[in-house]
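*Asks:* I have a structure here, written as structure tokens, and I will follow up with some questions on it.
Structure below.
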């Protein structure tokens with residue numbers, strides 16, 4: 001399995017349905033536009049039997065860090081840091097849910113962000129979890145920000161340790 005960049009001419013976005021309107025709409029309408037503007041990159045996992053079918057996707061970008069929302073130990077350690085990696089969206093089509101593809105996509109996204117941090121340093125990865133999804137990310141070491149339960153983070157150091 002391998003992720004590739006979303007190709008609006010190849011991938012059938014209209015067939016994708018993860019059950020969450022906001023994610024479906026972003027994928028169908030905004031993902032290609034945002035990539036064209038260099039605002040985000042959306043990676044898709046293709047079905048091996050039909051490369052136009054999308055099993056799932058995630059979107060990566062950078063985001064400002066509000067140091068005041070991090071635990072005090074991390075505030076001190078990263079006081080000069082201004083941005084982090086962001087997993088802006090992650091979704092699996094309903095037809096493929098329950099088969100571990102969400103975990104696979106998350107780990108793939110973390111690997112890409114870890115590689116990016118080796119080139120352009122940033123200390124944390126942030127995720128904006130949709131309602132009810134925070135527990136999914138917590139299983140992989142993400143911690144909720146002090147001011148909001150659906151916004152979580154993990155340090156690059158923790159990613160490096162867990163993926164090595």
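Numbering (full-length UniProt numbering), first residue to last: 1 to 164.
Glycine included, each C-beta is placed from N, C-alpha and C at the ideal position.
(1) Which runs of the alpha helix (DSSP H) at least 4 residues long sit entirely within the UniProt domain "N-acetyltransferase" (39-143)? Give them in chain order.
(2) Hey, could you find the ends of the beta strand (DSSP E) residue 152 is sitting in?
(3) Give me, in chain order, the residues of the same chain whose beta-carbon lies closer than 8 Å to that of residue 5; leave out the 5 immediate sequence neighbours on both sides.
(4) For residue 27, name the three-state secondary structure that DSSP assigns.
(5) Rounding to the nearest angstrom, what Cα-Cα distance links residue 107 and residue 163 in this structure?
(6) Taking the continuous beta strand (DSSP E) assigned at residue 5, which residues delimit it?
(7) Leaving aside the five residues before and after residue 147 along the sequence, list all residues of the same chain whose C-beta is less than 6 Å from its C-beta, in chain order.
(8) By how many angstroms is the C-alpha of residue 140 removed from the C-alpha of residue 67?
(9) Candidates 88, 132 and 120: which alpha carbon is nearest residue 126's?
(10) Our contact map puts residue 150 next to residue 134 with C-beta atoms below 8 Å; I'd like the distance itself, whole angstroms only.
(11) Which residue wins for smallest C-alpha separation from residue 1, given the options 103, 119 and 26?
(12) Look up residue 145 in the DSSP assignment and give the residues it is bridged to.
*Replies:* Let me lay it out:
(1) 72-77, 101-119 and 134-138
(2) The residue labelled residue 152 in the question sits at position 152 within the chain shown. Its beta strand (DSSP E) spans residues 148-155.
(3) Translated into the one-based positions of the chain shown, residue 5 becomes position 5. Cβ neighbours of residue 5 beyond the five flanking positions: 35, 41, 42, 43 and 44.
(4) Looking up residue 27 in the chain shown gives position 27. Here residue 27 sits in helix by DSSP.
(5) The residue given as residue 107 occupies position 107 in the chain shown. The residue given as residue 163 occupies position 163 in the chain shown. Spanning the two alpha carbons is a distance of roughly 8 Å.
(6) Against the chain shown, residue 5 aligns to sequence position 5. Per DSSP, residue 5 belongs to the beta strand (DSSP E) from 3-5.
(7) Residue numbering aside, residue 147 sits at position 147 when the chain shown is read from its first letter. Excluding positions up to five away in sequence, the list reads 69.
(8) Within the chain shown, residue 67 is the residue found at index 67, counting from 1. Within the chain shown, residue 140 is the residue found at index 140, counting from 1. When rounded, the distance between both Cα atoms is 22 Å.
(9) What you label residue 126 is simply residue 126 of the chain shown in a count that begins at 1. The option with the nearest alpha carbon to residue 126 is 88.
(10) Within the chain shown, residue 150 is the residue found at index 150, counting from 1. Within the chain shown, residue 134 is the residue found at index 134, counting from 1. Correct: roughly 6 Å between the Cβ atoms.
(11) Against the chain shown, residue 1 aligns to sequence position 1. Nearest C-alpha to residue 1: 103.
(12) Counted from its first residue, the chain shown places residue 145 at position 145. Answer by DSSP bridge pairing, in chain order: 148.
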